[in-house]
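Peer 1: Anchor point for the sequence shown: position 132 equals 132 in full-length UniProt numbering, and the numbering is continuous, going up by one each time.
We treat Cβ as the ideally placed atom computed from N, Cα and C, and that holds for glycine.
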Amino acid sequence: MSFDLSVFSNKNIILAVTGGIAAYKSAILVRRLKDYGFNVRVVMTHGAQAFITPLTFQALSGNPVHTELLDPEAEAGMGHIELARWADLVLVAPASCDTIAKFAAGLADDLLSTLYLATKAPVWVTPAMNQQMWAAKPTQRNLNTLVEDGVHVIMPEAGSQACGDVGLGRMPEPEDLAEQVKNYFHQAQRAIAEKFGLLAGKRVVITAGPTREAIDPVRYISNHSTGKMGFAIAAACYSAGAKVTLLAGPVSLDTPNGVRRINVSSAIKMLDESMHQLEEGCDVFIATAAVADYRVAEVAEHKIKKAGDELNVSLVKNPDIVATIAQQSKRPFMVGFAAETRNVEEYAAGKLVAKKLDMIACNDVSRADIGFASDQNAMTVFFAEQYQMEKRDLEKASKQEIAQQLVEAIHDALNHKIEPV
Ligand code: C5P
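#1: For the stretch 384–397 against the stretch 353–366, do three or more pairs of beta-carbon atoms, one drawn from each stretch, fall closer than 8 Å, so that the two count as touching?
#2: Cβ of L177 within 8 Å of Cβ of T119?
#3: Following a CB-centred definition, is F38 positioned closer than 7 Å to any heavy atom of the ligand C5P?
#4: Does DSSP put C163 in a helix, in a strand, or in coil?
#5: Thinking C-alpha only, which one of F333, A397, R212 is nearest V204?
#6: Could you tell me whether the Cβ atoms of A121 and L89 are closer together than 8 Å?
#7: In this structure, what does DSSP give as the bridge partners for I221?
#8: Should E213 be labelled buried (16 or more other beta-carbon atoms within 10 Å of its own) or exposed?
#9: Going by other Cβ atoms of all chains shown within 10 Å of its Cβ, with 16 needed for buried, is G62 buried or exposed?
#10: Output needed for V299: all residues of its chain with C-beta closer than 6 Å, excluding positions within five of it in sequence on either side, in chain order.
#11: Out of curiosity, what's the CA-to-CA distance linking A110 and E68?
#12: According to DSSP, simplified to helix, strand and coil, what is G77?
#13: Evaluate contact between the stretch 181–200 and the stretch 229–248, counting only Cβ atoms and requiring at least three cross-stretch pairs below 8 Å.
#14: According to DSSP, simplified to helix, strand and coil, what is T207?
#15: Kindly indicate which three-state DSSP category N39 falls into: helix, strand or coil?
#16: Going by the CB atoms, is the gap between A158 and L143 shorter than 8 Å?
#17: Is F57 helix, strand or coil when you go by DSSP?
#18: Is D412 helix, strand or coil by DSSP?
#19: Under the three-state reduction of DSSP, which class applies to Q277: helix, strand or coil?
#20: Which class does C282 belong to by DSSP, given the choice of helix, strand or coil?
#21: Measuring from the CB of T380, is there a heavy atom of the ligand C5P at a distance below 7 Å?
#22: Give, in chain order, every unbroken run of the beta strand (DSSP E) that is at least 3 residues long and sits entirely within the stretch 371–412.
#23: Got a sec: is the Cβ-Cβ distance from N318 to anything in chain C below 8 Å?
#24: Starting from K243 and walking both ways along the beta strand (DSSP E), at which residues does that stretch end?
#25: Between M171 and A128, which are expected to be in contact by the criterion C-beta below 8 Å, what is the C-beta distance as a whole number of angstroms?
#26: Assign T53 to buried or exposed, taking buried as 16 or more other Cβ atoms, counted over all protein chains shown, within 10 Å of its Cβ.
#27: I'd like the list of long-range same chain contacts for I325, defined as Cβ closer than 7 Å, with 5 residues on each side in sequence excluded.
#28: Taking G19 as part of the beta strand (DSSP E), name the residues at either end of that continuous run.
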């Protein structure tokens with residue numbers, strides 16, 4: 001998962017476009033911001049409309065474009081004060097010399113300059129202009145004033161300009177700008193999660209995916225686990241403020257944002273890395289990996305040649321990673337998973353005790369609509385006896401929603417524990 005697109009669906013960006021040839025890049029910028037899930041409203045100065053039409057931005061943003069300060073119709077829809085309050089960020093891209101000068105002087109003679117004075121939201125300014133106009137003393141003086149006033153100025157890039165000059169003044173690419181906006185909100189959300197999240201201050205280690213047990217240099221034993229549930233849990237723990245390390249078997253999934261990923265292959269490697277993580281400090285250990293129960297007793301040094309109708313490969317039992325970690329003296333809060341095809345709850349409750357877990361989440365993988373490769377899941381969660389907590393049924397939902405509910409269950413258990421006498 002590269003990024004959860006729903007993360008920014010409650011964040012509002014005003015993209016203010018002013019007169020400059022770079023205005024064409026702003027159209028793409030709207031697309032990129034929308035890709036990240038932001039709500040985007042576009043404000044255009046009269047100068048901007050000489051370069052690109054409001055209709056383009058209306059189509060791309062899915063919202064009416066704001067151009068006039070005192071247009072009764074526009075004010076009846078969303079007036080300039082309402083617009084100023086709506087914004088979580090005002091991004092001026094491209095920002096012309098004229099707009100920068102107006103901001104610096106505190107003028108309020110059009111919609112954008114008025115909005116600038118009326119908003120409490122952070123304002124980012126992306127100057128884009130001819131290199132000589134950029135270097136001009138009044139422009140630099142005005143920019144200094146904006147910085148002093150708390151505006152974030154995104155430096156223009158150097159290169160060849162539409163006017164034929166070469167120098168500083170090019171607007172950064174829309175992808176870069178959109179990423180800067182995403183990172184800003186991401187860091188702001190992370191800061192809140194680290195303070196107030198359900199797992200704030202916790203270090204979480206998660207095993208995920210299958211393991212791969214070599215037979216010879218080209219063959220292996222493995223299973224169909226996709227790692228989706230473990231990766232979704234890693235993302236949910238991170239969003240809840242935890243520091244997350246993901247020990248991933250061979251899977252083709254993007255690393256969740258902010259999560260530290262360590263790729264491992266065999267069960268032995270996964271155990272070694274789990275022990276190492278334990279030494280580094282771990283508060284919660286979540287074992288979602290579908291660890292191969294057996295490995296080949298002796299991995300052939302060279303590719304095994306076809307010979308005869310039968311081939312016997314001797315297998316030995318793999319260590320139980322979650323049970324091994326649970327036996328350590330400084331053990332973290334232990335969460336296991338049980339994928340069963342029958343007697344689901346009975347087997348899961350048995351594993352909770354046998355592996356000395358604090359919590360186990362079980363699901364019925366005989367159901368085609370949930371489990372292994374599905375994007376949905378449904379689970380029942382059991383807690384160890386000392387928590388005196390009722391089992392929880394997590395109704396069928398996306399793996400992201402189930403992951404969120406599991407984080408809540410972990411948080412509740414961490415706060416309910418009644419020490420055995
Ligand atoms: O015994 P079973 O494989 O059903 O147990 C499932 C739980 O134990 C899962 O949490 C899984 O990640 C963990 N496990 C493990 N090491 C193994 C086998 C299972 O950590 N070798």
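Peer 2: Quick answer:
#1: yes
#2: no
#3: no
#4: coil
#5: F333
#6: yes
#7: E213
#8: buried
#9: exposed
#10: A214
#11: Inspection of the sequence shows that residue 110 is occupied by Asp rather than by Ala. C-alpha separation (whole angstroms): 7 Å.
#12: helix
#13: yes
#14: strand
#15: strand
#16: no
#17: helix
#18: helix
#19: helix
#20: coil
#21: no
#22: 376–383, 392–398
#23: Any reference to chain C falls outside this structure, which holds one protein chain only.
#24: 243–248
#25: 4 Å
#26: exposed
#27: S274, L278, F285, R331, M334
#28: It is not in any beta strand (DSSP E) - G19 carries neither H nor E in the DSSP assignment.
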